[in-house]
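Residue numbers for the first sequence follow numbering that gives the first Met the number 0, beginning at 0 and rising by one.
The beta-carbon is built from N, C-alpha and C at its ideal position, and this holds for glycine as well.
Input: a single structure, listed below in C-alpha cells.
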Amino acid sequence: MATPREILAHRLKLTLEKTFPDLMPEVVPATDPRFGDYQTNVAMVLGKKNRVAPRDLARQIVRELDVDDISEPPEVEGAGFINFRLTNGFLARGVAVLFGDERLGVGVAEHPGRIIIDFSSPNVAKPMHVGHIRSTILGECLARVARFLGHEVITDNHVGDWGTQFGKVIYGWKHFLDKAALEKNAIAELVRLYRTVNALEETDEAVRRAAREELVKLQRGDVENMEIWRRAVELSWREFQRLYELLGIRFDERLGESFYNDALGGLCDRLAAEGVAEMSEGALCIFFRDDPVLSDKPMIIRKSDGGFLYATTDLATVEYRVRRWNPSAIWYVVGSPQTLHFQQLSAAVRRMGVTAKLQHIAFGSILGEDRKIMRTRTGETVGLAELLEEAVERARTIVTEKRPDLNPPESEEIARIVGLGAVKYAELSQHRMTDYVFSWSKMLSFQGNTAPYLQNAYVRIRSIFRKLDGIFVAPETLTLEAAEERVLAAKLLQFGEIVPLVLEDFRPNLLANYLYDLAIIFHAFYEACPVLKAEGAERRDSRLVLCDVTGRVLGTGLGLLGIKSPERM
RNA sequence: GUCCUCAUAGCUCAAGCGGAUAGAGCAGGGCUCUCCUAAAGCUCAGAUGGUGGUUCGACUCCACCUGGGGACACCA
C-alpha cells in the first residue's frame with residue numbers, strides 16, 4: 000500500500016508532468032496540525048525557477064490537482080504552501096488496510112541488495128564495555144530494518160582475536176594463571192594476566208623479551224601457544240555470547256581477524272606485483288596521490304619489519320567477503336575516530352576493482368566524566384555486563400513495587416524486557432553522531448522519552464484485548480469522530496513512510512522519534528476515548544481496530560529497534 | 001599545522017534533500033485514579049555559541065571566529 004505521502008507526491012507529479020517533466024514533487028508531513036496533514040512546497044520551488052508568483056502557481060496547481068478521494072480541498076497558504084488535510088474517509092480506509100496488512104504499510108525496497116553488516120567486534124581477552132554498546136545496538140537495529148525492507152543481510156562479528164596482546168596473555172598464562180579465577184570469570188582473569196605482564200614489562204626487560212618471544216611462537220603456529228590462544232578466544236567468546244543472548248543478538252558469521260591471517264602475505268605480494276602498493280621507507284604502502292584528502296596519507300599494509308596491520312586484515316576481509324558473497328554493500332558500524340581509516344579502505348578497495356559499496360556508519364563517542372573518550376586503558380570504564388545487570392536490577396525494583404501481584408518468573412521477565420529496552424532505546428533514540436557523557440541516570444531512565452514509555456502504551460493495548468469479551472469483527476469502515484481518533488489514524492499511516500527513512504542516512508532515531516510521537520498520541524486517545532466502554536458496538540469495534548493497529552505498529556517498531564514488548568508490566 | 005565531527009532551554013536530547021509560531025524529557029510549581037495498567041494524562045516557564053553571506057524563507061547551506069571531541073606512517 001502506498002503511503003499518503005507517496006500518493007500525494009504521485010498526484011502532483013501527474014498534474015505537473017506536462018509542464019515540468021523532470022520534477023519530483025516533495026511532499027512532507029505538515030509541520031503543524033493547523034496546516035493539515037501534509038504539505039508541499041513545489042509552487043515555491045517552481046515559482047523561483049520560473050519567476051512566477053508562488054501563490055498564483057499554487058492556486059493553479061490546486062485547480063488542476065485531483066485529490067478529492069484522499070484530501071479535503073487543498074489550501075494555499077503562507078508564501079505558497081499547498082496544504083492537504085486527509086479526509087476522514089481516506090484515513091478510515093487506510094487504517095482498515097493496515098489492519099489486514101502484516102507489513103503495516105511498510106513497502107519493500109525497490110532494489111533489494113545483499114548487505115554485509117560488520118558490527119560489535121569486541122576484542123578477545125578484554126571485557127566489553129559501554130564503548131561497545133553503540134556499535135552492537137546500532138548494528139543489530141540496522142540489520143533488522145534492512146531485513147524487514149527486503150534486503151538480504153549477513154551479519155558478521157569481526158572479533159579482535161589476533162594481535163600483539165596475545166604475547167602478554169600467553170606469557171601470563173604460563174606463569175601466573177589462576178585456574179579457579181579463570182573458571183569463575185575468564186575475561187577478568189585474562190585481563191589480570193595481561194595487566195600483570197604489562198606492568199612487569201615496564202621494569203623488566205627480560206619479561207618484555209619473553210612475552211614478545213611467545214607472540215612470535217604463536218605466529219609461527221607453536222602447538223602449545225596455539226592451544227592457549229584457542230582457549231582464550233573460546234572463553235572470551237562464551238562471555239560475549241552471554242551478553243549477546245541477553246541482548247537478543249545473533250550473528251550469521253563470526254569470522255575474526257585470525258581467520259584472515261594466512262591470506263595477508265599473499266595479498267601484499269599481489270598488490271605489490273599489481274602496482275597497487277609500493278615500498279616506502281621500508282614499508283609496503285598504498286598511496287592515493289590523486290585524492291585531495293588522502294594524497295599525503297598512505298595506507299601501510301606491511302610494516303618494515305614484515306608484520307601486518309589492521310589495514311591489511313581489513314583488505315583481506317573485503318576480498319574474502321566479495322569472493323564468498325558478492326555483496327552489493329558492506330556496512331561498517333564503527334566509531335567516528337576511524338573515519339580516515341575507512342576512507343583509505345574504500346579508496347584502496349576501489350583500486351582493487353571491488354564494486355561493492357563500503358559504507359562506514361560512524362557514531363559519536365561515549366565520554367567519561369573528564370569529557371574524554373572512555374577507554375579501557377585509562378581505567379574506569381563501565382562494563383557492558385555491569386550496565387545491563389544494573390538496568391535489569393533497577394527495572395526489577397520498580398516491577399516488584401508496582402506489580403506485587405505478579406509471580407516471580409513473570410516479573411523477572413518483565414524486568415529484563417524493560418531494563419534492557421531502556422538501555423537500547425537510550426542509544427537508538429539519539430542521533431548517532433552525538434557524543435555523550437556516560438550517565439547511569441540517562442541510560443536507566445524509565446520515564447519520559449524512553450522504551451518503558453512506549454512499552455507502557457503497548458501494555459495498555461494488550462490489556463484492553465485481554466479484557467475484551469469474545470471476538471470482535473473489524474467494521475468495514477472506521478468511525479473517526481473524536482479528534483484523537485483522527486490524529487491517531489493519520490499517525491499510523493506514517494509508519495510506512497518512516498521505516499525506509501531509517502536506512503537513508505542510517506538513523507534509527509527517526510524511527511524512535513516516530514514511535515514516541517505515536518505513543519504520545521495513543522495515550523491522548525486512550526485518555527479521551529473509552530474503548531471497551533465506548534457507546535455503541537460500532538464505535539467500540541472501530542476503536543479496537545485503532546488499538547490493534549497501534550499495538551502492532553508499536554510492537555513491530557520496537558522490534559526493529561531490537562526491543563521487546565511485554566504483555567503486561 | 002591539516003582534516004573530520006559536534007555546539008539548540010538550568011541539565012540531557014529532537015527537529016523527514018532549506019519551510020510557516022524550533023519539539024520533548026529531566027529538574028521545579030499546580031491539578032487528575034469509585035474510570036480499559038498513574039511506568040500515564042493535563043497545566044505554568046525557558047533555547048538555535050559569535051560575525052557576516054546566499055535565499056521569498058536558514059538550527060539546517062557557505063566563509064570566518066570561539067569552544068568541545070577525534071584523526072593524521074609502521075597500535076587496533
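Evaluate residue 178 with the Cβ neighbour count: other Cβ atoms within 10 Å of its Cβ, from every protein chain shown; 16 or more gives buried, anything less gives exposed. exposed
Would you report the Cα separation of residue 312 and residue 343, rounded to the nearest angstrom? 13 Å
Comparing alpha-carbon positions, which option in 452, 443, 3 and 529 lies nearest residue 480? 529
Between residue 377 and the rest of its own chain, which residues show a CB-CB distance below 8 Å, the 5 nearest in sequence each way excluded? With a pLDDT of only 47 at residue 377, under the threshold of 50, the placement of this residue in the model should not be trusted; the figure read from the coordinates follows. These residues qualify, in order along the chain: 367 and 371.
So residue 355 and residue 328 are supposed to be a Cβ contact under 8 Å. How far apart are they, rounded? 6 Å
Taking residue 282 as the reference, give the member of 301, 20, 296 and 276 with the closest Cα. 301
Cβ neighbours of residue 4 in the same chain (closer than 7 Å, five flanking residues each side left out): 26, 37 and 496
Just to confirm, is the Cβ distance from residue 257 to residue 172 under 8 Å? no
When you compare each of 550, 317 and 566 to residue 94 by their alpha carbons, which one comes out closest? 550
Range covered by the beta strand (DSSP E) that runs through residue 80: 80-83
Residue 315 vs residue 263 beta-carbon contact at 8 Å: yes
Looking at residue 538 and residue 478, is the spacing between their C-beta atoms short of 8 Å? yes
Span separating the alpha-carbon of residue 60 from that of residue 39: 11 Å
Best match in 296, 487, 558 and 49 for proximity to residue 524 [C-alpha to C-alpha]: 487
By the DSSP assignment, the alpha helix (DSSP H) with residue 196 in it spans what residues? 185-202
Go ahead and pull the three-state DSSP assignment for residue 301. strand
The stretch 180-188 in contact with the stretch 230-242 per 3-pair CB rule at 8 Å: yes
What did DSSP end up calling residue 528 once you bin it into helix, strand or coil? coil
Is residue 381 closer than 8 Å to residue 128 when the C-beta atoms are compared? yes
So, using beta-carbon positions, are residue 452 and residue 518 closer together than 8 Å? yes
Cβ-heavy atom distance between residue 474 and the ligand COA below 7 Å? Only the bare structure without any ligand can be found here, which leaves the ligand COA out of the picture.
Minimum length 4: unbroken alpha helix (DSSP H) runs contained in the stretch 15-61: 41-49
Beta-carbon proximity check, residue 84 vs residue 71, cutoff 8 Å: yes
Residue 273, DSSP secondary structure in three states: coil
Could you name the residues of the same chain whose beta carbon sits closer than 6 Å to that of residue 350, not counting the 5 residues immediately before and after it, in chain order? 275
Could you name the residues of the same chain whose beta carbon sits closer than 7 Å to that of residue 16, not counting the 5 residues immediately before and after it, in chain order? none
Could you check whether residue 98 and residue 544 sit closer than 8 Å to each other, using their CB atoms as the reference points? yes
The alpha helix (DSSP H) with residue 503 in it runs from where to where? 494-503
Span of the beta strand (DSSP E), counted from its first residue to its last, around residue 117: 113-117
Hey, residue 546 and residue 460 are a contact pair by Cβ (cut 8 Å); roughly how many whole angstroms apart? 5 Å
Beta strand (DSSP E) containing residue 473: first to last residue? Per DSSP, residue 473 belongs to no beta strand (DSSP E) and is neither H nor E.
Can you tell me whether residue 117 is buried or exposed, with buried defined as 16 or more other CB within 10 angstroms of its CB? buried
Straight-line gap, residue 503 to residue 339 (C-alpha atoms, nearest Å): 22 Å
When DSSP labels each residue in this structure, what does residue 324 get in the three-state scheme? helix
Return helix, strand or coil for residue 293, following the three-state DSSP convention. coil
Looking at residue 332: is its Cβ nearer than 8 Å to the Cβ of residue 387? no
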